[in-house]
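The structure appears below as structure tokens.
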Amino acid sequence: MHAILEWASGATRANIVNDIVLVLTGTTDKASLSANLTQANSSITSSVAAGWTLHDASAGTNIQCVKAPIADDGAAYKYVCIDHSTTSELKLVGYDSWNASTHVGTGKYTGSDLAAHSQQSTPASYVIKMRIYASARCIIILAYRSGTRYGATNGGGPTGIFERSRTQPWDTVGNGYIPSVWSNLGSFVTSSTPTTCSSHATAKNYAGTNVQGYLNPCTIGVSANYFTTASEFPSSASAFFKNASGSDTIPMFPIWFTNPGTFVAPLGDISSISDVWTVPRGPMADFDEFTDNGKTYTVFGSSGTGCIAVRKG
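Using this note's numbering, the letters of the sequence shown correspond one by one to residues 312 to 624.
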């Protein structure tokens, strides 16, 4: 699902949260959203189903919790609170579990509730627009204020919750681990060091200690040869591959969840599960689209760098 939603200045935070939850849970008719929505500047496409269900409509003041099943275990879920409890910040706060009766979660994804990684949204004072990408595997949101792209406070880009693949022997369905991560993608594509992206506290290093991991782009099958900073991404305007027919093709690099020097091997990648990739910055502008294997992707990153390719809904 891909939605562009714009709310008039003065929109309530409750309406913004409710509208986001409605599109995440399958609403495709923008006319059914709140009266604060500017219909002419909003759109919803859903060739890929949004894939989330409402879990707790009363998770807190201006907070609602949604859930989606894990790809390899339909009986387990990842939980995300759409949180606009503060006047100027929208957060995607991830949890391993959420009790809809007590309105309390466990296994909160470290960093996902920090103001520095929230989407900048002050509807009392500005026109707010958000680009939302979602499937049952991920949610990604990028915010604008009065037509200017703001994104996350740190990095100026989108934030999201993603499922990843499993590569570690302890990380199994039977052991009950939830293979999802949270990331400030704006920090990811611009930082001189890997983004401080986090998963649940059950990510273990070789000693069995719970540790934080990072998202790094990586060449397929070569876990020791990944790019660790944005400056290492291919950035030439001619940074293409040639396909079998000799035509230019955009190279798509998988994004691995890792922590060099701490994990013996990556914990898995988000690309094969959530269909989110890194791409060269040079060939395309922000929000350009391209097709790969019959699927359409939108390119965006932080402040116009265009380093992330997301499956368009």
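Glycine included, each C-beta is placed from N, C-alpha and C at the ideal position.
Isoleucine 561 has its alpha-carbon roughly 23 Å from the corresponding atom of isoleucine 443. By the CB criterion at 8 Å, glycine 385 and alanine 360 fall outside the cutoff. Under the three-state reduction of DSSP, lysine 623 is assigned to coil, being neither helix nor strand. Glycine 485 counts as exposed, since fewer than 16 other C-beta atoms from the protein chains shown sit within 10 angstroms of its C-beta. The DSSP assignment places 587 to 589, 600 to 603 and 606 to 611 as complete runs of the beta strand (DSSP E) inside the segment 568 to 614, in order along the chain (cut-off: 3 residues). With contacts defined as CB atoms closer than 8 Å, serine 423 and threonine 417 fail to qualify as a contacting pair. Rounded to the nearest angstrom, the Cβ distance from serine 399 to serine 432 is 7 Å, consistent with a contact under 8 Å. Lysine 402 is bridged by DSSP to Asp394.
About 20 Å separates the beta carbon of asparagine 373 from that of alanine 427, a gap too long to meet the 8 Å contact definition. Assignment of leucine 365 by DSSP, reduced to helix, strand and coil, places it in the strand class. Across the structure, arginine 622 and tyrosine 608 are spaced so that their CA atoms are roughly 4 Å apart. Bridge pairing for cysteine 376: Asp367 and Cys392 [DSSP]. Taken atom to atom, the span from the alpha-carbon of isoleucine 581 to that of proline 480 is near 18 Å. The C-beta separation of isoleucine 439 from isoleucine 327 comes to about 7 Å, placing the pair in contact by the 8 Å criterion. Excluding five sequence positions before and after aspartate 330, the CB atoms of its chain that fall closer than 7 Å to its own CB belong to Leu316, Leu344, Ser345 and Leu348, given in chain order. Relative to alanine 435, the option among Ala322, Val610, Phe473 and Ser494 whose CA is nearest is Ala322. A straight line joining the alpha-carbon of isoleucine 489 with that of lysine 389 spans about 7 Å.
Going by DSSP, alanine 325 is part of the alpha helix (DSSP H) stretching over 324 to 335. Judged by their CB atoms, leucine 403 and alanine 454 are not nearer to each other than the 8 Å cut-off. Under DSSP, glycine 471 takes part in a beta bridge, and its partners are Ile451 and Ser494. Residue pairing from DSSP places tyrosine 444 in a beta bridge opposite His313 and Ile451. DSSP places serine 357 outside both helix and strand once states are collapsed to three, so it counts as coil.
Nearest to proline 577 by C-alpha distance, out of Pro380, Ala382, Ala463 and Arg475, is Arg475. Per DSSP, the beta-bridge partners of arginine 456 are Ile439 and Thr459.
In this structure, the straight-line span from the alpha carbon of alanine 463 to that of cysteine 376 is close to 20 Å. Taking a C-beta distance under 8 Å as the contact criterion, leucine 425 and glycine 468 do not qualify as a contact pair.
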